[in-house]
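Novice: Residue numbering for the sequence shown follows full-length UniProt numbering, starting at 1 and increasing by one per position.
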Amino acid sequence: MRILQVRFKNLNSLVGEWQIDLMHPAFASDGIFAITGPTGAGKTTILDAICLSLYGRTPRLNKVTKSGNEIMSRQTGECFAEVTFETQSGRYRCHWSQHRARKKPNGELQAPKHEIANADSGEIFESKIRGVADQIESATGMDFDRFTRSMLLAQGGFAAFLQAAPDDRAPILEQITGTEIYSRISIRVHERRRGEREKLNQLQAETAGIVILEPEQEQEIGQALETKQKEETDLAAKSAETGKAIAWLTTIDGLKTEIINLADEASKLQGDIEAFKPDREKLGRALSAASLDGAYATLTAIRKQQAHDRAGLKAEEEALPGLESFARQEAEALKSAEQQTARTKEDLKSAAPALQKVRFLDQKLADQKKAVSEGDAVSERDAAKIDADKKALIEAQKKRSRAQETLALVDRYIKAHAQDEWLISGLAGVEEQFGGLISKQKEIVQKEADQEASTTARELATKSLEHCQKQSGIRKQELEDASKQLQEGKDGLRQLLGDRLLREYRTEKDTLLREMAFLTKIAELEDHRAKLEDGKPCPLCGATEHPFAEGNVPIPDETEQKIDALTRLISKAEDQESAIKQREEAETLARKNLTKAEKLESAAANDKKAAENALAEVKDGLVKLRADFAERMQAVSTKLLPLGIAEIPETDISSLIQSLKARLKAWQTQVKKKADIEKQIADIDSEVNRLDAVIETQSTALAEKLERLDTLKKELAAGSKARNALYGDKNPDDEERRLNKAVSDAEAAEKQVRERHNELQQKSNTAKAHVESLKKRIDLREPERRGLETEFSAALAPVGFSDEEQFLAAVLPSEYRAVLTARAKDLDERQTDLKARQKDREMRLTTEMARKITDKSLEELEPQFKEHQEVLKQLRDIIAGLKHKLSENIAAKERIKEKQTAIEAQKLANLKMNQLAQPFRVNVFKLY
Numbered sequence: 001m002r003i004l005q006v007r008f009k010n011l012n013s014l015v016g017e018w019q020i021d022l023m024h025p026a027f028a029s030d031g032i033f034a035i036t037g038p039t040g041a042g043k044t045t046i047l048d049a050i051c052l053s054l055y056g057r058t059p060r061l062n063k064v065t066k067s068g069n070e071i072m073s074r075q076t077g078e079c080f081a082e083v084t085f086e087t088q089s090g091r092y093r094c095h096w097s098q099h100r101a102r103k104k105p106n107g108e109l110q111a112p113k114h115e116i117a118n119a120d121s122g123e124i125f126e127s128k129i130r131g132v133a134d135q136i137e138s139a140t141g142m143d144f145d146r147f148t149r150s151m152l153l154a155q156g157g158f159a160a161f162l163q164a165a166p167d168d169r170a171p172i173l174e175q176i177t178g179t180e181i182y183s184r185i186s187i188r189v190h191e192r193r194r195g196e197r198e199k200l201n202q203l204q205a206e207t208a209g210i211v212i213l214e215p216e217q218e219q220e221i222g223q224a225l226e227t228k229q230k231e232e233t234d235l236a237a238k239s240a241e242t243g244k245a246i247a248w249l250t251t252i253d254g255l256k257t258e259i260i261n262l263a264d265e266a267s268k269l270q271g272d273i274e275a276f277k278p279d280r281e282k283l284g285r286a287l288s289a290a291s292l293d294g295a296y297a298t299l300t301a302i303r304k305q306q307a308h309d310r311a312g313l314k315a316e317e318e319a320l321p322g323l324e325s326f327a328r329q330e331a332e333a334l335k336s337a338e339q340q341t342a343r344t345k346e347d348l349k350s351a352a353p354a355l356q357k358v359r360f361l362d363q364k365l366a367d368q369k370k371a372v373s374e375g376d377a378v379s380e381r382d383a384a385k386i387d388a389d390k391k392a393l394i395e396a397q398k399k400r401s402r403a404q405e406t407l408a409l410v411d412r413y414i415k416a417h418a419q420d421e422w423l424i425s426g427l428a429g430v431e432e433q434f435g436g437l438i439s440k441q442k443e444i445v446q447k448e449a450d451q452e453a454s455t456t457a458r459e460l461a462t463k464s465l466e467h468c469q470k471q472s473g474i475r476k477q478e479l480e481d482a483s484k485q486l487q488e489g490k491d492g493l494r495q496l497l498g499d500r501l502l503r504e505y506r507t508e509k510d511t512l513l514r515e516m517a518f519l520t521k522i523a524e525l526e527d528h529r530a531k532l533e534d535g536k537p538c539p540l541c542g543a544t545e546h547p548f549a550e551g552n553v554p555i556p557d558e559t560e561q562k563i564d565a566l567t568r569l570i571s572k573a574e575d576q577e578s579a580i581k582q583r584e585e586a587e588t589l590a591r592k593n594l595t596k597a598e599k600l601e602s603a604a605a606n607d608k609k610a611a612e613n614a615l616a617e618v619k620d621g622l623v624k625l626r627a628d629f630a631e632r633m634q635a636v637s638t639k640l641l642p643l644g645i646a647e648i649p650e651t652d653i654s655s656l657i658q659s660l661k662a663r664l665k666a667w668q669t670q671v672k673k674k675a676d677i678e679k680q681i682a683d684i685d686s687e688v689n690r691l692d693a694v695i696e697t698q699s700t701a702l703a704e705k706l707e708r709l710d711t712l713k714k715e716l717a718a719g720s721k722a723r724n725a726l727y728g729d730k731n732p733d734d735e736e737r738r739l740n741k742a743v744s745d746a747e748a749a750e751k752q753v754r755e756r757h758n759e760l761q762q763k764s765n766t767a768k769a770h771v772e773s774l775k776k777r778i779d780l781r782e783p784e785r786r787g788l789e790t791e792f793s794a795a796l797a798p799v800g801f802s803d804e805e806q807f808l809a810a811v812l813p814s815e816y817r818a819v820l821t822a823r824a825k826d827l828d829e830r831q832t833d834l835k836a837r838q839k840d841r842e843m844r845l846t847t848e849m850a851r852k853i854t855d856k857s858l859e860e861l862e863p864q865f866k867e868h869q870e871v872l873k874q875l876r877d878i879i880a881g882l883k884h885k886l887s888e889n890i891a892a893k894e895r896i897k898e899k900q901t902a903i904e905a906q907k908l909a910n911l912k913m914n915q916l917a918q919p920f921r922v923n924v925f926k927l928y
């Protein structure tokens, strides 16, 4: 960024308009120049003009707003600052200005204006205050803070730095340049460096605590392991041989015992077989009898069939005489029923001519009665119709009188409200004018509401401004308190550390830690011996007497005491640094809060001014609206005077419009009503004439109908008398139904008797046929029965039976026979299995005896085997312990290797942190 031209007006002591052209050869050729002059000459004002034109604020006055401008020259009404500069993206002109009302020295401050434009073309890029700030930062790459740090030092800031003590220069220069972040980075870097160094110390201490075997110890353990493993192999072989001999002896004893048990089992089985012997004989006879089951079943079946047929023949022969007697009785009943049916049919035939004549007379009388009834009904209807028409005529005459009266009332209304006829053509225009009045009235109401809202907004803006001003004062005090507490914390840290730096104490502590670790390795037992106390047990052997160190009392370790003192000092200093860091954050927050409060104060002042302007505009608009409303109201009142409306209510114009519409509607309704009534009277006159003619015609027709009806009634009386003389009061249809029912009943009775006769006749014939059939079957079956009995008797002897009675005694039920068969089969199978097992065990015993594995007894071998197992267990425990020691040693070596790798990696991390901390050993302004 390069500043090309500065132009300003009425800033501080430089009243009037000023311009500095930095493109002049005098500036361009020399390159470096100074602004000099006595105090108050305006040197800083030039720098303020640059800041003001770019950022609308200065290092001394912060932002210049509508609520206050301390940079404007006294007794002037306006000021501005303008700077032209160029960057790699182009040439720009940035202009800031502010003036008082009407540019009078005593006028109220107006809102400042700020814009940025193209210096060559004059094109304005942005004219909003916030937008200009963004454009400046985009073009230059710097906001206000970065600009004042890199391009401009605030007045008095550098002088304070030069005059300060060495320890105070850092915070001063950090404050005026905004480089506090580097101090915080330095602190974090050194904290990280300390942490990495502590990790390395911890790894080294952990490595020193890992114990491994010496090579000689490892070799001895290996040799011992090899010896024990050989002993274990030899003893395991001997134990296996002994175990094999014990198993052989155990097997032989088991086989002998099993042979004895099988002999006992054979004896018990033989007893079961002897006990089953009677049942086995019974089963044999039953099986022999079972061979004749088929022949005996056939013989038994034919015997049963023959006996059944003989019993049936006897029953049929005994029932046949009764059936024949019943059949004869039913034949006589059938003959009587046939005679009764013939008689009822003859009665029906003889009554038919009389029934037909009476039925003809009844039909004629019914027709005459119907004609008389219809004549009476028609006469009554015609008479009722004549009466209704007479009543309608009277009602029509009354209706015409009422219509005449209503027509007179309508005529009087039309005459009394003749002026309302004007509304037919004039209401639309009046309604339009009323619409304009209502619209204006709404505008007035809205303006009044806006006026009230603007008044409220002005009051709220005034209160908000007072509150913001109060908050700005509070925030300024908070910033002063935070700055004071920060300085006190830094003074306390400086007093705690004295003339040395915290890193020097940390370095001294690290040196002592390394020295203590080194001395610990060298001292070994001597150091432990020096720490023994009389009367207290040794931590290694537990003895309370120490002949090699009598009288020795442990001397406090000075190195440990120094380390503890340094640790406490460093911890306290670190706590103090943390507190300082928190106070720095508190100061930063207080400064941000102050800036925010000042922004809110400026915004509140702008809101108040805007509210006042809005209130003035609303009041002016309200006056104009009310004047226009009054003029329109007068014009409408003039039109409505002929209608009797002298005054228009401002608060209820809509109801007046509705009233006029109602008057117009009432007028139109009455006019229409008059036309409707006149038409109604004409219709009533026509109806009266019609009713007179209809009544006269209907009366003549009714007289003729009554004369014909009287003649029909006389003919009906004569016919009724002749019918009573012929058949009385009996109904021919009922009489005919009675005769037909008698015929039907006789026929049904005849049919029933005939069916019973036929059924009995059929049963008698069937019984006779069945008797003959049974006799024939019995005669044919008898030779077959005798032949089967002969064959069965001949078959009994070969199977061991002398006669049928002996055969039946041997027969057993099939279920019981199956149970005995299963029992016999089970005993046979058990005997076969037992013999096979006895033979197998004897052969196995002979084979085992031939092996002859040992001559010793089981009592000799078992103690020897037990001893071998116990010795083997001890050897295997020893081997496991030796293997564990070797595996632990290998694991310890691996852990040492891992720790050494980690230590090397940590040393590399420490080296990187030392290199990273090197630029911060002497910070820009402060040592850590």
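The C-beta atom is built at its ideal place from N, Cα and C for all residues, glycine as well.
Roughly how far, in whole angstroms, is the beta-carbon of I681 from the beta-carbon of Q404, given that I think they are within contact range, below 8 Å?
Specialist: Locating residue 681 in the sequence shown gives position 681, counting from the first residue. Locating residue 404 in the sequence shown gives position 404, counting from the first residue. The Cβ separation is near 7 Å, so the contact holds.
Novice: For G375, collect the residues of the same chain with a Cβ closer than 6 Å to its Cβ; drop the 5 residues on either side in sequence, then sort them by chain order.
Specialist: As a first step, residue 375 is located in the sequence shown; it is residue number 375 there, counting from the start. Result list for G375: L709, in chain order.
Novice: If you run the structure through DSSP and keep just helix, strand and coil, what is residue 931?
Specialist: As shown, the chain starts at 1 and ends at 928. That puts residue 931 outside it, with no answer to give.
Novice: Would you say A290 and V811 are within 9 Å of each other, going by their C-beta atoms?
Specialist: Reading the sequence shown from its first residue, position 290 is the one you call residue 290. Reading the sequence shown from its first residue, position 811 is the one you call residue 811. Yes, they are a contact pair.
Novice: Going straight from the alpha carbon of L54 to that of I20, what length do you get?
Specialist: Position 54 of the sequence shown holds residue 54. Position 20 of the sequence shown holds residue 20. Taking the straight line joining both Cα atoms gives about 16 Å.
Novice: Under 9 Å between the Cβ atoms of T65 and A605?
Specialist: Locating residue 65 in the sequence shown gives position 65, counting from the first residue. Locating residue 605 in the sequence shown gives position 605, counting from the first residue. Going by C-beta atoms, T65 is nearer than 9 Å to A605.
Novice: Is Q19 helix, strand or coil by DSSP?
Specialist: Along the sequence shown, one-based indexing puts residue 19 at 19. Residue state, collapsed to three classes: strand.
Novice: Per DSSP, W96 is paired with what?
Specialist: Here residue 96 corresponds to residue number 96 of the sequence shown, with the count starting at 1. Note: W96 sits in a beta bridge opposite A81 and H114.
Novice: Kindly identify the DSSP beta-bridge partner or partners of I124.
Specialist: Along the sequence shown, one-based indexing puts residue 124 at 124. Answer is A117, bridged to I124.
Novice: Starting from V6, trace the beta strand (DSSP E) in both directions and tell me its first and last residue.
Specialist: One-based indexing of the sequence shown puts residue 6 at position 6. First-last of the beta strand (DSSP E) with V6: R2 to L11.
Novice: Which residue's Cα is closest to the Cα of M134: R102, C94, E617 and K447?
Specialist: Taking the sequence shown and counting its residues from 1, the one referred to as residue 134 is at position 134. For the record, residue 134 in the displayed sequence is Asp; it is not Met. The residue with the shortest Cα to Cα distance from D134 is C94.
Novice: Find out if the Cβ-Cβ distance for the pair residue 965, A701 is shorter than 9 Å.
Specialist: Only positions 1 to 928 of the chain appear in the structure, and residue 965 is not among them; the question remains open.
Novice: If you reduce the DSSP assignment to three classes, tell me which class G90 lands in.
Specialist: Indexing the sequence shown from 1 puts residue 90 at position 90. In this structure, G90 counts as strand in the three-state DSSP scheme.
Novice: Along the chain, where does the alpha helix (DSSP H) that runs through N69 open and close?
Specialist: Within the sequence shown, numbered from 1, the residue matching residue 69 stands at position 69. Element bounds for N69: n/a, residue is neither H nor E.
Novice: V445 to W96, Cα distance in whole Å?
Specialist: The count along the sequence shown starts at 1 and reaches residue 445 at position 445. The count along the sequence shown starts at 1 and reaches residue 96 at position 96. For V445 and W96, the distance between alpha carbons rounds to 42 Å.
Novice: Have a look at L911 and A41 and give me their C-alpha separation to the nearest angstrom.
Specialist: Here residue 911 refers to the residue found at position 911 when the sequence shown is read from its first residue. Here residue 41 refers to the residue found at position 41 when the sequence shown is read from its first residue. The alpha-carbon atoms of L911 and A41 are separated by roughly 56 Å.
Novice: Do you know offhand how far Q487's Cα is from K63's?
Specialist: Within the sequence shown, the letter at position 487 stands for residue 487. Within the sequence shown, the letter at position 63 stands for residue 63. Rounded to the nearest angstrom, the two C-alpha atoms are 27 Å apart.
Novice: Could you check if D420 is buried or exposed, using at least 16 other CB atoms within 10 Å of its CB as the buried criterion?
Specialist: The sequence position of residue 420 within the sequence shown is 420, counting from 1. Classification for D420: buried.
Novice: Any idea what DSSP makes of L109, helix, strand or coil?
Specialist: Against the sequence shown, residue 109 aligns to sequence position 109. Residue state, collapsed to three classes: strand.
Novice: To the nearest angstrom, how far is the alpha carbon of K199 from that of T507?
Specialist: Locating residue 199 in the sequence shown gives position 199, where the first residue counts as 1. Locating residue 507 in the sequence shown gives position 507, where the first residue counts as 1. The straight-line gap from Cα to Cα measures roughly 15 Å.
Novice: Over the uninterrupted alpha helix (DSSP H) stretch that includes N261, give me the two end residues.
Specialist: Residue 261 sits at position 261 when you count from the first residue of the sequence shown. Residues P215 to A275.
Novice: Going by DSSP in three states, T45 sits in which element: helix, strand or coil?
Specialist: Counting from one through the sequence shown, the residue named residue 45 turns up at place 45. Three-state result, T45: helix.
Novice: Kindly list the residues whose CB is nearer than 8 Å to the CB of L716, restricted to its own chain and excluding five residues on each side of it in sequence; keep chain order.
Specialist: Counting from one through the sequence shown, the residue named residue 716 turns up at place 716. The residues are L365, Q368, K369 and V372.
Novice: Could you check where the alpha helix (DSSP H) with K349 kicks off and where it finishes?
Specialist: By one-based count along the sequence shown, residue 349 stands at place 349. Run containing K349: D293 to A416, per the alpha helix (DSSP H) assignment.
Novice: Let's see if you can read the secondary structure: which residues bound the alpha helix (DSSP H) around F807?
Specialist: Stepping through the sequence shown from its first residue, residue 807 is reached at position 807. Counting along the chain, the alpha helix (DSSP H) containing F807 begins and ends at E804 to A810.
Novice: For T854, name the three-state secondary structure that DSSP assigns.
Specialist: Residue mapping note: residue 854 aligns to position 854 of the sequence shown, counting from 1. In this structure, T854 counts as coil in the three-state DSSP scheme.
Novice: Per the DSSP calculation, T65 is bridged to which residue(s)?
Specialist: Here residue 65 is taken as the residue at index 65 of the sequence shown, counted from 1. DSSP lists G68 as partners of T65.
Novice: What is the rounded straight-line gap between the Cα of E395 and the Cα of V688?
Specialist: Taking the sequence shown and counting its residues from 1, one reaches residue 395 at position 395. Taking the sequence shown and counting its residues from 1, one reaches residue 688 at position 688. Looking at the two C-alpha atoms, the distance is approximately 10 Å.
Novice: Check for me: the alpha helix (DSSP H) holding G800 runs from which residue to which?
Specialist: One-based indexing of the sequence shown puts residue 800 at position 800. First-last for G800: undefined, no H or E at that position.
Novice: How about D877: is its Cβ closer than 8 Å to a heavy atom in the ligand ZN?
Specialist: As for the ligand ZN, it is missing from this structure, which has no ligand bound.
Novice: Under 8 Å: do the segment 846-866 and the segment 215-227 share three or more Cβ pairs, one atom per stretch?
Specialist: No, they do not touch.
Novice: Taking the alpha carbon of L774 as the point to measure from, which residue in R7, E317, E346 and E480 has its own alpha carbon closest?
Specialist: To locate residue 774, count along the sequence shown from 1; it is residue 774. If we check each option's Cα against that of L774, E317 comes out closest.
Novice: Could you give the distance in angstroms between the alpha-carbon of C51 and the alpha-carbon of K490?
Specialist: In the sequence shown, counting from the first residue as 1, residue 51 sits at position 51. In the sequence shown, counting from the first residue as 1, residue 490 sits at position 490. Straight-line Cα distance between these residues: approximately 33 Å.
Novice: For the alpha helix (DSSP H) containing D134, list its first residue and its last residue.
Specialist: On the sequence shown, position 134 is the one that residue 134 refers to. Start and end: I129 to T140.
Novice: Using 9 Å as the threshold, is the C-beta distance between I124 and E137 below it?
Specialist: If you number the sequence shown from 1, residue 124 lands on position 124. If you number the sequence shown from 1, residue 137 lands on position 137. Not in contact: I124 and E137 (Cβ atoms no closer than 9 Å).
Novice: Just to confirm, is the Cβ distance from R841 to L255 under 9 Å?
Specialist: One-based indexing of the sequence shown puts residue 841 at position 841. One-based indexing of the sequence shown puts residue 255 at position 255. Closer than 9 Å, so yes.
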